[in-house]
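Visitor:
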Amino acid sequence: MDVAREAGVSPSTVSRILNGTAKVSPDKRKAVETAIAEMKFEPNQLAQGLKSGRSMTIGIVVQDIASPFFDETLHGVDEGLKGTGYASVIVSGHWNAEEEAARIKLLLARKVDGIILLSGRIADKTVLEFARDKPIVATGRALQSKTAVGFKLDNEHGAYLATRHLIELGHRRIAFVTGPANNTDALERQEGYQRALQESNIAFEENLVVEGNFHEASGLMAINRLLETQQQFSAVFAANDLSAYGVRLGLYRKGIRVPEDISLIGFDDLPSSLYTTPPLTTIHQPLYDMGLLATRTLLGLISGTDVDLTLPGLELIARETTRRLR
């Protein structure tokens, strides 16, 4: 080995220093470190992983690979893996608990060192059972054990902030395009919407609530249904940005101006929301930070080190699709 020859030690000494198992004199360690720096030597991390019984891969279960929501989170995962020697294997659960479980079993069969589960419908109990085999970090749920950690953002509070923003601008008849009826995030966002109305003594009107499914087409269909019923409203809160895009298109096709005629607010703050016409007012979710934290937490579980589990909170991003009611 060139490093060993340059440092004047045996190859086994260099290997043990790199693996952190060597007890050598400070002079020998310094000689090896100097040789590594001068030769710009990079240890074969995969080989080290195999020696330690690790595959140097982590599994990632997303729900929709094509969704910009998960794309932004995966950017954070990618950043967290930089320089670690780990590679990722990405599979999709398609918002189906049985399929999620099957994908986790597949990843475990491939001997991944740990799994990141991004949202999903699989039960917490099942996640904990899988975590007996390999550590799991899950988003969108609260978990805390030696091998499984979960964290979630406060969807109810975020929806409260969105609705409160519209109320503070003078809006009283606020339509709401929900997410899927069986989705926890969607239900929590409707709770936040209703809480903000209640605090301002504004009656909750079921005919101003239309179910969506977090996709653009559902936002378009929802606003069309609202307009067909001739309900009176001055603002729309869409449960996510993608739905808001569909709402915006539907209003445009009817010649309804945003925000001059109808104010519109979304939820997520996807990168493209800055470039809609006009730029979308929304609730910022730290999606990138969530992916980064999930990765660092999983690597901490694998290595047995502690990680700070603090996530930035949700915040209102006021752009140009909301205005004061006149």
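Each residue of the sequence shown is one higher than the one before, counting from 1 in the UniProt record's numbering. Just so it is clear, CB atoms sit at the ideal spot from N, CA and C, and this is done for glycine as well.
Using the beta-carbon count (16 or more within 10 Å), is R103 buried or exposed?
Guide: buried
Visitor: Specify, as a first and last residue, the run of the alpha helix (DSSP H) that I223 falls within.
Guide: Segment 216-228, the alpha helix (DSSP H) holding I223.
Visitor: DSSP three-state call for S145: helix, strand or coil?
Guide: coil
Visitor: Hey, would you say N240 sits closer than 8 Å to G192, going by beta carbons?
Guide: no
Visitor: Going by Cα to Cα distance, which pick from G291, K105, A318 is closest to L309?
Guide: G291
Visitor: Since V89 is in the beta strand (DSSP E), which residue starts that stretch and which ends it?
Guide: Element bounds for V89: 87-92.
Visitor: Since E211 and A181 should fall inside the 8 Å C-beta cutoff, what is the C-beta to C-beta distance between them, to a whole number of angstroms?
Guide: Indeed, because the Cβ distance is near 6 Å, the residues count as touching under 8 Å.
Visitor: So for I167, helix, strand or coil by DSSP?
Guide: helix
Visitor: Rounding to the nearest angstrom, what Cα-Cα distance links N96 and M221 in this structure?
Guide: 24 Å
Visitor: Determine the burial state of Y86: buried for a count of at least 16 other Cβ atoms within 10 Å of its Cβ, exposed for fewer.
Guide: buried
Visitor: If we count the other Cβ atoms within 10 Å of its Cβ and call it buried at 16 or more, is E132 buried or exposed?
Guide: Residue identity check: residue 132 is Arg in the sequence provided, not Glu. The residue in question, R132, is exposed, as its Cβ has fewer than 16 Cβ neighbours within 10 Å.
Visitor: Would you call T276 buried or exposed, if buried means 16 or more other Cβ atoms sit within 10 Å of its Cβ?
Guide: It counts as buried.
Visitor: Quick check on this structure: which residue in K28, D27, F151 has the alpha carbon closest to the alpha carbon of G313?
Guide: Cα-wise, what sits closest to G313 is F151.
Visitor: Would you mind giving the Cβ-Cβ distance between L249 and V258, rounded to the nearest angstrom? I have them listed as a contact below 8 Å.
Guide: That belief does not hold up - the Cβ atoms of L249 and V258 are roughly 10 Å apart, past 8 Å.
Visitor: Mind the definition here: the region 103-112 touches the region 59-69 only if three or more C-beta pairs lie below 8 Å; say whether that holds.
Guide: Yes, the region 103-112 is in contact with the region 59-69.
Visitor: Cutting at 6 Å between CB atoms, please list the residues of its own chain near V77, excluding the five before and the five after it.
Guide: G291, T295
Visitor: Within its chain, find whatever has a CB closer than 6 Å to the CB of T184; leave out the 5 residues flanking it on each side and keep chain order.
Guide: none
Visitor: Going residue by residue through the region 258-315, where are the continuous alpha helix (DSSP H) segments of at least 4 residues, counting only ones entirely within it?
Guide: 287-303
Visitor: With DSSP as the reference, label V61 as helix, strand or coil.
Guide: strand
Visitor: Could you tell me if T163 is buried or exposed, where buried requires 16 or more neighbouring beta carbons within 10 angstroms of its beta carbon?
Guide: So T163 ends up on the buried side.
Visitor: Note down the Cα distance separating L46 from K28, rounded to an integer number of angstroms.
Guide: Low local confidence applies: a pLDDT of 49 at L46 is under 50, so the model's placement there is unreliable, and no value is given.
Visitor: Looking at C-alpha atoms only, which residue of S145, L187, Q194 is the closest neighbour of L161?
Guide: Q194
Visitor: Say whether the region 130-145 touches the region 196-205, bearing in mind that this needs 3 or more beta-carbon pairs closer than 8 Å, one atom from each stretch.
Guide: Touching, no.
Visitor: CB-CB under 6 Å to L80, same chain, minus the five flanking residues each way: which ones, in chain order?
Guide: First, the amino acid is wrong: residue 80 is Gly here, not Leu. Take G80, set aside five residues on each side of it, and the residues of its chain with a beta-carbon closer than 6 Å to its own are L292, T295, R296, in chain order.
Visitor: How many Å lie between T139 and S119 at the Cα?
Guide: 5 Å
Visitor: Tell me, please, which residues DSSP counts as bridged to K139.
Guide: A small correction: the amino acid at residue 139 is Thr; Lys does not occupy that position in the sequence shown. Note: T139 sits in a beta bridge opposite F151.
Visitor: For F214 versus G179, is the C-beta spacing smaller than 8 Å?
Guide: yes
Visitor: Going by DSSP, what residue range makes up the beta strand (DSSP E) through A235?
Guide: 235-238
Visitor: Terminal residues of the continuous beta strand (DSSP E) containing I115?
Guide: 115-117
Visitor: Which same chain residues, not among the five before or five after L227, have their C-beta less than 7 Å away from its C-beta?
Guide: K254
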